[in-house]
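Participant:
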Amino acid sequence: MSAPLLEVDGLRKHYGRRIGCAEVSFTLWPGEVMGIVGESGSGKSTLLSCLAGHLASDGGQILYRDRSGHAHAVANLSEAGRRRLAREEWAYVHQNPRDGLRMGVSAGGNVGEPLMARGQRHFGDIRAAALDWLERVEIAQDRIDDVPRDFSGGMQQRLQIARSLVNGPRLVFMDEPTGGLDVSVQARLLDLLRGLVRDLGLSAVIVTHDLAVVRLLADRLMVMQGGYVVESGLTDQVLDDPQHAYTQLLVSSVLQV
Amino acid sequence: MSGYNFAYLDEQTKRMIRRALLKAVAIPGYQVPFASREMPMPYGWGTGGVQVTAACLVPEDTLKVIDQGADDTTNAVSIRAFFARVADIATTEHTRDASVIQTRHRIPEAPLREDQILVFQVPIPEPLRFLEPRETETRKMHALEEYGLMHVRLYEDIARHGEIAKSYAYPVRVEGRYVMDPSPIPKFDNPKLDDCPALQLFGAGREQRIYALPPYTRVESLDFEDYPFKASRPDHPCALCGARDSYLDEVVIDDAGGRMFVCSDTDYCNDRRAAGHRGEMAAPFEEMPE
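Heads up: the protein sequence lines correspond to chains V and L, in order.
If you read the first sequence in the numbering used here, its first letter stands for residue 338, the second for the next number, and so on.
If you read the second sequence in the numbering used here, its first letter stands for residue -15, the second for the next number, and so on.
1) Could you confirm whether any beta carbon from chain L is found closer than 8 Å to the beta carbon of H351/V?
2) To be precise: take each residue of the stretch 444 to 461 of chain V, compare its Cβ to all Cβ atoms of chain C, and keep it if any distance is under 9 Å. Which residues remain?
3) Can you tell which of Y139/L, G132/L, P181/L and V42/L has its C-alpha closest to the C-alpha of R157/L?
4) Please report the Cβ distance between C358/V and L384/V, rounded to the nearest whole angstrom; I am assuming they are in contact, meaning their Cβ atoms lie under 8 Å.
5) In three-state terms, what does DSSP make of I101/L?
6) Helix, strand or coil: which one does DSSP assign to F208/L?
7) If the cut is a Cβ gap below 8 Å, which residues of chain L does D482/V touch?
8) Quick test of the definition: if touching needs 3 or more C-beta pairs under 8 Å, does the stretch 60 to 77 of chain L touch the stretch 4 to 22 of chain L?
9) Should F208/L be flagged as near chain V, meaning a C-beta pair shorter than 8 Å?
10) Pull the bridge partners of W427/V from the DSSP assignment, please.
11) Quick one: which residues of the stretch 111 to 127 of chain L get their C-beta closer than 9 Å to a C-beta of chain V? List them in chain order.
12) Compare the C-beta of E(-5)/L against all C-beta atoms of chain V and say whether one is closer than 8 Å.
13) Mind checking the stretch 211 to 222 of chain L against chain V and listing, in chain order, the residues whose C-beta falls within less than 8 Å of any C-beta there?
14) With DSSP as the reference, label S540/V as helix, strand or coil.
15) So which residues on chain L does E416/V lean against when the C-beta distance must stay under 8 Å?
16) Going along chain L, which residues have a C-beta under 9 Å from R420/V?
17) Going along chain L, which residues have a C-beta under 7 Å from V442/V?
18) How would you call S112/L, buried or exposed, if buried means at least 16 neighbouring beta carbons within 10 angstroms?
19) Contact criterion: CB-CB distance below 8 Å. Does I498/V meet it with respect to chain L?
20) Take H581/V and list the residues in its own chain whose beta-carbon comes closer than 6 Å to its own, dropping the five residues that flank it on each side.
21) For Y231/L, which residues in the same chain have their Cβ closer than 8 Å to its Cβ, ignoring the five residues on either side in sequence?
22) Against chain L, with Cβ distances strictly below 8 Å, would I543/V count as a contact?
23) Suppose you measure from the CA of R324/L to the CA of P221/L; what does that come to, to the nearest Å?
24) Let me check understanding here. Comparing Cα to Cα, which of V49/L, I50/L, E44/L and K214/L lies closest to S149/L?
25) Out of Q493/V, L586/V and Q523/V, point me to the one whose CA is closest to L471/V's CA.
26) Indicate whether at least one CB of chain L lies closer than 8 Å to the CB of I373/V.
27) From A105/L to T201/L, what does the alpha carbon distance come to, in whole angstroms?
28) Could you check what DSSP says for D51/L in three-state terms: helix, strand or coil?
29) Below 8 Å on the Cβ atoms is my contact criterion, and I expect W366/V with L342/V to pass it. Report the Cβ-Cβ distance as a whole number of Å.
30) Within the chosen definition, does the stretch 254 to 268 of chain L reach the stretch 223 to 238 of chain L through at least 3 CB pairs nearer than 8 Å?
31) Using 8 Å as the limit for Cβ to Cβ distance, is I463/V near chain L?
32) Grab me the residues of P338/L's own chain with a C-beta within less than 8 Å of its C-beta, minus the 5 sequence neighbours each way, in chain order.
33) Of all the options A188/L, E98/L and L47/L, which has the alpha carbon lying nearest to the alpha carbon of A82/L?
34) Using CA atoms only, rank isn't needed, just tell me which of P198/L, D207/L and H126/L is closest to D141/L.
35) Nearest-angstrom Cα distance between V34/L and F245/L?
Laid out in structure tokens, this is it:
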């Protein structure tokens, strides 16, 4: 077995006297998908932002091992180093596609930008890659020159996913990737994500409040409450046999139709 | 000298601008902030260029001012008159006679020399401005050489128009490092930036930025491998002097679709006509100035 991709030890983040998240430790292995669930304000988005280096943590350590096997302490990275990882090794899927897309730039330009950022200078190749990715996320190829502003919410989210994955990242951070979408669109998006994650062998950290999402996508699960991880384990194990009172409440609150 | 300090600005201000200029020359293409002063003209009329010119002038200088290539338009005439009055220096309309040339939107057709300074008036110094509105972010992008976004703009052009349609303010890369907006010169002039013997200075008054290209700097226009940069000009000869190698202005001459193309560089056109070249709409007999 290869070395772990991401090692988090005793991660802590305070907002003044309030706790953002505390005592978070876990290890993510290559090809593994970690789900983080919890109610609003439980610290799951704070945790994700710390992991991706968007927020400076107040304590603990995050170690990321890159393609060449070199381990980086994310907290100590320079701006340039963090941006290099974000550009070449990671991808971040925002809850709101507006945060991850350039709304005034065509779909092709959006998907092509990460390629151009890495120095691709051949228009034909960039366009071919963009067309290929639009097809993979089920966007009609004749929409390549339309701007995301004219897309539906579900299409925007799929476009954002294409843009994040075009560079072949090793680790994907997803913040509520299905939030704000209606259930049928959610189901298709989940299907698509599951296919991509399995095909590409991606590692991912997915933050969501939707248990269905983690059931489908995540191998392992962490349940957060009040900034602390209250339970963690294999997804099916946690969901089928919840031990902590809060997890039991969470699982039993899912609406059955 | 009409009660003004030489070249209008006080010595401390000129010194501050010269320090910014030195830094700009030391880091080609890098935008150096400077404390731009209020000038007796509106923003957009060349307040940045005028300040740079004022900081560079010495009493022995001969100044030429052009606006869109022309020596005889309002902007050019008034800035030339301004410096003739507040600096008491010689002025000229001939590129070859000038030691300092202030320009808006053109580089003269006549080749420049090592003993000349070309001062550009710059409205918007930031090439990434309309792609990334945050100034904090664009500075980071320059610092970290993250210029992928610049190519997104060119990509969009090709996707929409089938070619890079940007015809002016075409972004360039300086010495393989900084991406720079060459002020809104037509892309026809971009190749003249490269390996130019003259010192090229850029001043943006409202935006408070100065940048520079030292002599013989490598300046490349951005492009794609399969869509290389092309310097374009209208496919006509000049109607007055017949030149086929100069940048042309299109002039509408009636309300029935009539138009003529003439050299935008008036000095170049005059010289050619004085040397006997004739375009198809040239006057049969013409008395040339001087």
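From the three backbone atoms N, C-alpha and C, an ideal C-beta is built for every residue, glycine too.
Keep in mind the model is a prediction, meaning the values are calculated, not measured.
Facilitator: Reading it off the structure:
1) no
2) As a matter of chain content, chain C is missing from the structure shown, whose protein chains are V and L.
3) The residue with the shortest Cα to Cα distance from R157/L is G132/L.
4) 5 Å
5) In this structure, I101/L counts as strand in the three-state DSSP scheme.
6) DSSP, read as helix, strand or coil, puts F208/L in strand.
7) A143 and R144
8) Proximity of the stretch 60 to 77 of chain L to the stretch 4 to 22 of chain L falls short of the contact definition, fewer than three beta-carbon pairs being nearer than 8 Å.
9) yes
10) L508/V, per the DSSP bridge assignment.
11) Listed by position along the chain: L115, K124 and A127.
12) no
13) Y211
14) strand
15) The answer, in chain order, is K124 and L128.
16) Within chain L, the residues K124, L128 and E130 have their CB atoms less than 9 Å from the CB of R420/V, given in chain order.
17) V136 and E140
18) Position check: residue 112/L holds Leu in this sequence, whereas Ser was assumed. Buried, by the Cβ-count rule.
19) no
20) V567 and E568
21) Annotation for Y231/L: G53, R90, E93, P170, F172, D173, R217, C247, S248 and D249 place their beta carbon closer than 8 Å to its own, counting only its chain and skipping 5 residues before and after.
22) Taking Cβ atoms only, chain L never reaches closer than 8 Å to I543/V, which makes this a no.
23) Here chain L comprises residues numbered -15 to 274, so residue 324/L is not present and cannot be evaluated.
24) The displayed chain sequence assigns Ala, not Ser, to residue 149/L. Nearest C-alpha to A149/L: K214/L.
25) Per the Cα distances, Q493/V.
26) At least 8 Å separates the CB of I373/V from every CB of chain L.
27) Looking at the sequence itself, residue 105/L is Gln, so the reference to Ala does not match. The straight-line gap from Cα to Cα measures roughly 20 Å.
28) strand
29) 6 Å
30) yes
31) yes
32) No answer is possible for residue 338/L: it lies beyond the span of chain L, which begins at -15 and ends at 274.
33) L47/L
34) D207/L
35) 30 Å
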